[in-house]
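First to last, the protein sequences are chains Z and G. Add 122 to a position in the first sequence, counting from 1, and you land on the number used in the numbering used here. Add 3 to a position in the second sequence, counting from 1, and you land on the number used in the numbering used here.
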Amino acid sequence: MERRTLLKMIALLTGGAVIGGNAFLTGCSSSKESDLKERLNLTPQQIAFLDEVADTILPTTPKSPGAKAAKVGSFMKVMVNDCYEAPDQQIFLEGMDNLDAACNKMHRLGFVEATAEQRLSLLTAIDKEAKEYMSKKGDLPNHYYTMFKQLTLLGYFSSEIGHKQALRYNQVPGRYEGDVPYKKGDRSWA
Amino acid sequence: MESNTYDAIVVGSGISGGWAAKELCEKGLKVLMLERGSPYEHVKDYKSALREPWDLPHRGRTTVEQKKKYPVIHRGWAASEAVMDGWANEEDCPYTELKPFTWWRSYRMGGRSTLWGRQSYRLSQMDFEANERDGVAVPWPIGYNDIAPWYDHVEKFAGISGSLENIGHLPDGQFLPPMELNCVEKDVAKRIKQEYGDKRHLIIGRVANLTALIPGRSKCQFRNRCWEGCPFGGYFSTQSSTLPAAMETGNLTVRPYSLVRQVLYDKNTKKATGVEVLDTETNQTYEFKSKVVFLCASTLNSTWVLFNSATDIWPEGLGSSSGELGHNVMDHHYNIGASGIVEGYEDRYIFGKRANGFYIPRFVNIGSDKRDYLRGFGYQGGASREGWGKEVAELNIGGDFKDALTEPGQWTIGATGFGEILPYHENKISLDKDRKDKWGLPVLAMDAELKDNELKMRKDMQEEMKAMLTIAGVKNISTWDSGHAMGHGIHEMGTARMGHDPKTSVLNKWNQVWDCPNVYVTDGACMTSSGCQNPSLTYMALTARAVDHAVNELKKNNS
Numbered sequence: 123m124e125r126r127t128l129l130k131m132i133a134l135l136t137g138g139a140v141i142g143g144n145a146f147l148t149g150c151s152s153s154k155e156s157d158l159k160e161r162l163n164l165t166p167q168q169i170a171f172l173d174e175v176a177d178t179i180l181p182t183t184p185k186s187p188g189a190k191a192a193k194v195g196s197f198m199k200v201m202v203n204d205c206y207e208a209p210d211q212q213i214f215l216e217g218m219d220n221l222d223a224a225c226n227k228m229h230r231l232g233f234v235e236a237t238a239e240q241r242l243s244l245l246t247a248i249d250k251e252a253k254e255y256m257s258k259k260g261d262l263p264n265h266y267y268t269m270f271k272q273l274t275l276l277g278y279f280s281s282e283i284g285h286k287q288a289l290r291y292n293q294v295p296g297r298y299e300g301d302v303p304y305k306k307g308d309r310s311w312a
Numbered sequence: 004m005e006s007n008t009y010d011a012i013v014v015g016s017g018i019s020g021g022w023a024a025k026e027l028c029e030k031g032l033k034v035l036m037l038e039r040g041s042p043y044e045h046v047k048d049y050k051s052a053l054r055e056p057w058d059l060p061h062r063g064r065t066t067v068e069q070k071k072k073y074p075v076i077h078r079g080w081a082a083s084e085a086v087m088d089g090w091a092n093e094e095d096c097p098y099t100e101l102k103p104f105t106w107w108r109s110y111r112m113g114g115r116s117t118l119w120g121r122q123s124y125r126l127s128q129m130d131f132e133a134n135e136r137d138g139v140a141v142p143w144p145i146g147y148n149d150i151a152p153w154y155d156h157v158e159k160f161a162g163i164s165g166s167l168e169n170i171g172h173l174p175d176g177q178f179l180p181p182m183e184l185n186c187v188e189k190d191v192a193k194r195i196k197q198e199y200g201d202k203r204h205l206i207i208g209r210v211a212n213l214t215a216l217i218p219g220r221s222k223c224q225f226r227n228r229c230w231e232g233c234p235f236g237g238y239f240s241t242q243s244s245t246l247p248a249a250m251e252t253g254n255l256t257v258r259p260y261s262l263v264r265q266v267l268y269d270k271n272t273k274k275a276t277g278v279e280v281l282d283t284e285t286n287q288t289y290e291f292k293s294k295v296v297f298l299c300a301s302t303l304n305s306t307w308v309l310f311n312s313a314t315d316i317w318p319e320g321l322g323s324s325s326g327e328l329g330h331n332v333m334d335h336h337y338n339i340g341a342s343g344i345v346e347g348y349e350d351r352y353i354f355g356k357r358a359n360g361f362y363i364p365r366f367v368n369i370g371s372d373k374r375d376y377l378r379g380f381g382y383q384g385g386a387s388r389e390g391w392g393k394e395v396a397e398l399n400i401g402g403d404f405k406d407a408l409t410e411p412g413q414w415t416i417g418a419t420g421f422g423e424i425l426p427y428h429e430n431k432i433s434l435d436k437d438r439k440d441k442w443g444l445p446v447l448a449m450d451a452e453l454k455d456n457e458l459k460m461r462k463d464m465q466e467e468m469k470a471m472l473t474i475a476g477v478k479n480i481s482t483w484d485s486g487h488a489m490g491h492g493i494h495e496m497g498t499a500r501m502g503h504d505p506k507t508s509v510l511n512k513w514n515q516v517w518d519c520p521n522v523y524v525t526d527g528a529c530m531t532s533s534g535c536q537n538p539s540l541t542y543m544a545l546t547a548r549a550v551d552h553a554v555n556e557l558k559k560n561n562s
């Protein structure tokens, strides 16, 4: 029950289905699959790029470290390699270039060179655009930014930092209480 | 040298097989338990159970490769990274779907007893009388009084937590202390009681998790990671409960990788002499002999074994003389209900992870309540506060967004119905002789579907939940219906039903095959009707009862 609810909620947050979720994509066996595999072997630079994207979506705050500290870039690599179908892998790879190009267009700087404010303004705009696109897209391909965002949320909150610092974690609660006081600011249970 | 003669053979090591082995061993019989899959040792083999959630490389999600390898498991919520090893290999063990059928199997020691949902409810006299009263199928050959002492017996050993409610059609049992409804659920329960009086109840689920100590086991630790295997033995499984008890007697031999191909039948004595086993690792065939055989291979596989047994006498298999073997497939239809948002309670929260929810027992077609369909449904659900997946007003990205996601959101509540499916003769399974599994054995063909009665009931399942949530003041109520393919409820039942008459049933009132009285079938195959309650507890009780009968018969014959 919980897992289903979770997937539904991630989908809701990002305006569409969970990419790489249970909806099954068939066909599309690309003749360039070996080429794709090669390129999915993301370089340390690409992982650093993804870390910066993730850290813009979920940055460090006084309350808890951000997505980069939780190594969300490396997590994205694993997920895209193992859990995405080939067409989505392609979109993800091209997405990194697309995002950089969009940043150049808006700020005349690559994403990594841009300041935190510039990155935030760029992703705020793309976030809106992607959410709208995903909610209406029908059979059209997924939006690359939605992949970045979904994987950032999942990767961050399921990480050790996410469990212990962003949320509260208790591996062995030992009991259940169905009515305890809560005050604004208390963190959720992971 | 491996001896091949035992007093009793138990086919299968799941909930029913585990119980059969324990009871037979404790009554002094030498028992061989056969499991078609691999060993799966208590605690030691629960690989992910004590690891941290962030150690799973895909954080719970499954891979593209797993989706291709396990297409049936991916039809629903059962596909999760930590438990994928638990599901049967779908490439090695295919089946044919003449009509859509979701078959979630676990071929390893303990069967689905480590993966089960643990909800444990008794059937009532109303359920045992239902077929006779409605003129549907055949009457059950037993009543509630026949099984009640056996419910007591298995509940005490398994450890079922629950509340005493004094509801006639959902009998109370030998319960450990109940888990707690949370603050929202308690208030919704109150509102339902105010509105419906004694006609409807929202109660805490009755669940096979220990809320008090039972020797050799630990209490439930409220981690809600049961299906990874519990390192504390906090819930009932073969591994935590029946297997250690059986082993302690010194009477049990367990043989994994042992696929039972057929029951060996002696036409002179009209009795089974044992079973033929295919070793799934070596492809060698072995014969094992015994005085009595318990088929507990899971509902459809027990019938598969019967289909393949004594075919020289009965071409359609042992137990087929009634024409009912393989027929009357049932399940519980679900994935339908309503949910909504609960305003307020912002200053309330929970502690711990309760592997349980609330239960709303059946209330339709009871007393003066009459519907345009037969039987009824119960609901299972829960209330909780949203976690990091919640929507945050005006925020989509950045530090404030992140911090907002770390706080719990509003309360939501929802439930799905679990509806009874009538036993229809035309809902059946058979052997697909053109299709073979990895070992060259014919696979099952499924030909079963929901009919008018269930489809009418589904409308009510949605509407009644919506009505109750509305009365409880829940806001933004939405209903859902994900449809139901047979089997998806993982409560597959029937195909070798019990009955009074060998002409219309496969098993008698002691779960003996009419045509071969030293073969007992005590898993879900034996069910004459399905009720709407989760059925495993009933299999436990029927198994213990059948063992008692079998051992008494053996004593009589020996004296």
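We put the beta carbon where it would ideally sit given N, CA and C, even for glycine. Note that the structure is a prediction, hence the values are computed from the model and not measured.
Query	Result
Range of the contiguous alpha helix (DSSP H) that encloses Asp-350(G)	Premise fails: Asp-350(G) is in no alpha helix (DSSP H) and is neither H nor E.
Beta-bridge pairing of Asn-212(G) - partner residues as DSSP gives them	Tyr-238(G)
Continuous beta strand (DSSP E) assignments of at least 3 residues falling wholly in the segment 315 to 384 of chain G	339 to 345, 351 to 354 and 361 to 363
Where Cys-299(G) sits in the DSSP three-state scheme	coil
C-beta contact flag for Glu-38(G) and Ser-261(G) at 8 Å	yes
Alpha-carbon to alpha-carbon, Glu-284(G) and Tyr-298(Z)	44 Å
Between the CA atoms of Ala-407(G) and Ala-475(G) - distance to the nearest angstrom	28 Å
Separation of Lys-305(Z) from Pro-411(G), as counted between CA atoms	10 Å
Cβ-Cβ distance between Met-501(G) and Pro-42(G) below 8 Å	no
Pick from Met-87(G), Arg-115(G), Gly-63(G) and Arg-62(G) that is closest to Gly-15(G), judged by C-alpha positions	Arg-115(G)
Residue nearest to Gly-120(G) in terms of C-alpha spacing, selected from Ile-150(G), His-156(G), Ala-211(G) and Lys-202(G)	Ala-211(G)
Short Cβ contact (8 Å threshold) for Tyr-98(G) with Val-446(G)	yes
Every unbroken beta strand (DSSP E) within the segment 24 to 80 of chain G, with a cutoff of 3 residues, ordered by chain	34 to 37
Tyr-382(G) and Thr-419(G) closer than 8 Å at C-beta	yes
Proximity test, Cβ basis, 8 Å: Asp-157(Z) and chain G	no
Contact set between the segment 257 to 276 of chain Z and chain G, restricted to residues whose Cβ is under 9 Å from the partner	Lys-271, Leu-275 and Leu-276
From Val-550(G), Arg-378(G), Gly-402(G) and Phe-361(G), residue whose alpha carbon lies closest to that of Ala-386(G)	Phe-361(G)
Cβ shell of Phe-233(Z) (< 8 Å), same chain only, five flanking positions each side left out	Phe-171, Glu-174, Val-175, Leu-221, Asp-222, Cys-225, Arg-241 and Leu-244
Cutoff 8 Å: Ala-191(Z) Cβ touching any chain G Cβ	no
Residue-chain proximity (Ser-153(Z), chain G), Cβ-Cβ < 8 Å	At Ser-153(Z) the pLDDT is 48, less than 50, meaning the model places this residue with poor confidence; the figure from the coordinates comes in the next sentence. Chain G, which has no Cβ nearer than 8 Å to the Cβ of Ser-153(Z), makes this no.
Chain Z within 8 Å of Lys-405(G), Cβ atoms only	yes
Selection of the segment 477 to 507 of chain G by Cβ proximity to chain Z, strictly under 9 Å	none
Beta-carbon proximity check, Thr-415(G) vs Glu-457(G), cutoff 8 Å	no
Beta strand (DSSP E) segment containing Cys-519(G), residue limits	519 to 524
Delimiting residues of the beta strand (DSSP E) encompassing Phe-421(G)	414 to 423
Contacting positions in the segment 202 to 213 of chain Z - beta carbon closer than 8 Å to chain G	Asp-204, Cys-205, Tyr-206 and Glu-207
Proximity to Gly-113(G) [Cα-Cα], best of Pro-247(G), Leu-557(G) and His-336(G)	Pro-247(G)
Euclidean distance between Cα positions of Ala-161(G) and Trp-483(G)	34 Å
For Pro-295(Z), the three-state DSSP class (helix, strand or coil)	coil
Beta-carbon proximity of Gly-589(G) to Ser-301(G), cut-off 8 Å	Residue 589(G) falls outside the range modelled here, since chain G spans only 4 to 562, and no answer is possible.
Inside the segment 117 to 201 of chain G only - beta strand (DSSP E) runs reaching at least 3 residues	none
Residue-level contact to chain G via CB, Lys-185(Z), 8 Å cutoff	yes
Gly-237(G) and Lys-222(G) closer than 8 Å at C-beta	yes
Assigned secondary structure, Ile-179(Z) (DSSP; H/G/I helix, E/B strand, else coil)	helix
When Phe-404(G), Leu-377(G), Ile-170(G) and Asn-399(G) are compared against Glu-423(G), the one with the closest alpha-carbon	Leu-377(G)
Below-8 Å beta-carbon distance, Gly-390(G) vs any chain Z residue	yes
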